[in-house]
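Trainee:
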Amino acid sequence: MLRKLEKTLFSKPVEESGMILGVVIVNIIHLSDLHIGKSKNLEKSHIIVDWILENQKLHQTRLVIISGDLVDDGEVWQFEMAGGLISRLKDAGYLVLVAPGNHDYGPDGYREDLASKRAFREMISPVEEYPALFLESGQAFVLLDSMEEEMERREVWGAQGCLGIDQLQRLDLLLDELAENPAVENIVLVLHHHPFDYLFYHGLRDHADLKGVISRREGQAPRVNALLFGHKHLDHRFNDPEDNKEELFGIDLIYASGQTVERDKDGKMTLPVIDLEEKTIQRFLIS
Ligand SMILES: [Fe+2]
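Here is the structure:
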């Protein structure tokens, strides 16, 4: 299954060296909810990309993960803008992985449209089946589509997500296979919808089933080492050791990115960089 999924996502085989342009991947730049097409979000996204390209020494990675709502209404002109932004990173040697969000699959984030889903696949990410796996430097990055089953339920409008039993079963099998692979150091799971958002019109309908699949089994290593998502526009690390909070599901790092293009009261945007070795998050502030 690993080989099949690798081929699904990437046209070229995984590099034996485990490096992208000579950089070992330990850090992840995590962007989310850029909502390109709305107000000045494109302009602000380009400022973020400028910072990434100019500050390689600070973030020390060539991997950018975008946890959905890349665009605001799932329209072709918005994907064109977003594609231009992603190309700037790719042209500089960055690997960019994008999980789809509710706003990528239709207007206003709650009117799902299969044409938007097709445009996302054609213009942003060629993944045909989720979970989609990418292995790099001993790190396994697994993308989910939290709109997969939601697209089948279009009679109920809302900003909810639903992974569906089929995708969860494929994830369960994939995590079993990764657990048996001694080359895998960390498993990083990425989805758009927030598994700890319980508002009916906003949450992940099958969050409990997802948690069942990814929970650490007694006496075994974690099923997932890092769980990354967005959707709620609220930056929060759930199991921050400094907060002295209980660990959740045996996952080392659970992180909700805020909306990266949102400015705080001082006019700064927050760019989180995740260190997979230390399981820490460094937040850089961008003007
Ligand atoms: Fe969303």
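Per my numbering, the very first residue in the sequence shown carries number 1117; after that it's consecutive. From the three backbone atoms N, C-alpha and C, an ideal C-beta is built for every residue, glycine too.
1. What do you reckon, are the CB atoms on D1189 and G1153 nearer than 8 Å?
2. Which residue's Cα is closest to the Cα of A1170: I1303, Y1210, E1191, L1150?
3. Is E1352 a contact residue of ligand 1, with contact defined as CB to any heavy atom under 7 Å?
4. If I measure Cβ to Cβ from E1266 and keep anything under 7 Å in the same chain, skipping five residues before and after, which residues do I get?
5. Just to confirm before moving on: does the CB-CB distance between L1213 and L1259 stay below 8 Å?
6. Quick check: the stretch 1223-1243 against the stretch 1284-1292, are at least 3 beta-carbon pairs closer than 8 Å?
7. Under the criterion of a Cβ to heavy atom distance below 7 Å, does A1231 qualify as lining ligand 1?
8. Which residues neighbour ligand 1 when neighbourhood means a C-beta less than 5 Å away from any of its non-hydrogen atoms? List them by chain order.
9. Give the straight-line distance between the Cα atoms of I1390 and I1182, rounded to the nearest whole angstrom.
10. Tell me the DSSP bridge mates of R1204?
11. If you count every other CB in all the chains shown that lies within 10 Å of the CB of S1262, and 16 or more means buried, which is it?
12. Contact between the stretch 1338-1347 and the stretch 1367-1374 is defined here as three or more beta-carbon pairs at a separation below 8 Å; is this criterion met?
13. Taking a contact to mean a Cβ-Cβ separation below 8 Å, would you say L1364 touches F1354 in this structure?
14. If we ignore side chains and look at the alpha-carbon of each, how far apart do E1252 and Y1317 end up?
15. Could you check which residue in M1385, T1376, D1380 has the C-alpha nearest to that of D1149?
16. Return yes when the Cβ of A1342 is within less than 8 Å of the Cβ of V1300, no when it is not.
17. With H, G and I counted as helix, E and B as strand and the rest as coil, what does DSSP make of P1242?
18. If I follow the unbroken beta strand (DSSP E) through A1324, where does it start and stop?
19. Can the beta-carbon of L1205 be found less than 8 Å from the beta-carbon of H1162?
20. Grouping DSSP H, G and I as helix and E and B as strand, with all else coil, what is G1277?
21. Could you tell me whether the Cβ atoms of I1145 and Q1255 are closer together than 8 Å?
22. At the level of alpha carbons, what is the spacing between G1217 and P1298?
23. In its own chain, which residues sit with a C-beta less than 7 Å from the C-beta of E1393, not counting the 5 before and 5 after it?
Mentor: A quick look at the data gives this:
1. The beta carbons of D1189 and G1153 sit closer together than 8 Å.
2. Residue 1170 is actually Glu in this sequence, not Ala. If we check each option's Cα against that of E1170, Y1210 comes out closest.
3. Looking at the sequence itself, residue 1352 is His, so the reference to Glu does not match. No - ligand 1 has no heavy atom lying nearer than 7 Å to the Cβ of H1352.
4. Correct list, in chain order: E1228, Q1276, G1277, C1278.
5. In this structure, L1259 lies closer than 8 Å to L1213 by Cβ.
6. In this structure the stretch 1284-1292 does not touch the stretch 1223-1243; the number of beta carbon pairs closer than 8 Å is below three.
7. Remark: the C-beta of A1231 is outside contact range of ligand 1, defined as less than 7 Å to any heavy atom.
8. Every residue passing the under-5 Å Cβ criterion appears here: D1185, G1217, N1218, H1347.
9. Approximately 13 Å, taken between the alpha carbons.
10. Its beta-bridge partners do not exist; DSSP assigns none.
11. Under this definition S1262 is a buried residue.
12. Inter-segment contact for the stretch 1338-1347 and the stretch 1367-1374 is present: three or more beta-carbon pairs are separated by less than 8 Å.
13. Yes.
14. So the alpha carbons of these two residues sit roughly 36 Å apart.
15. Closest by alpha carbon: T1376.
16. In this structure, A1342 does not lie closer than 8 Å to V1300 by Cβ.
17. It is coil, neither helix nor strand.
18. A1324 -> not in any beta strand (DSSP E); alpha helix (DSSP H) instead, spanning 1323-1330.
19. Contact annotation: L1205 and H1162 have beta-carbon atoms that are not nearer than 8 Å.
20. G1277: strand per DSSP, three-state reduction.
21. Taking C-beta atoms as the reference points, I1145 and Q1255 fail to come closer than 8 Å.
22. Taking the straight line from one Cα to the other gives about 32 Å.
23. Around E1393: V1142.
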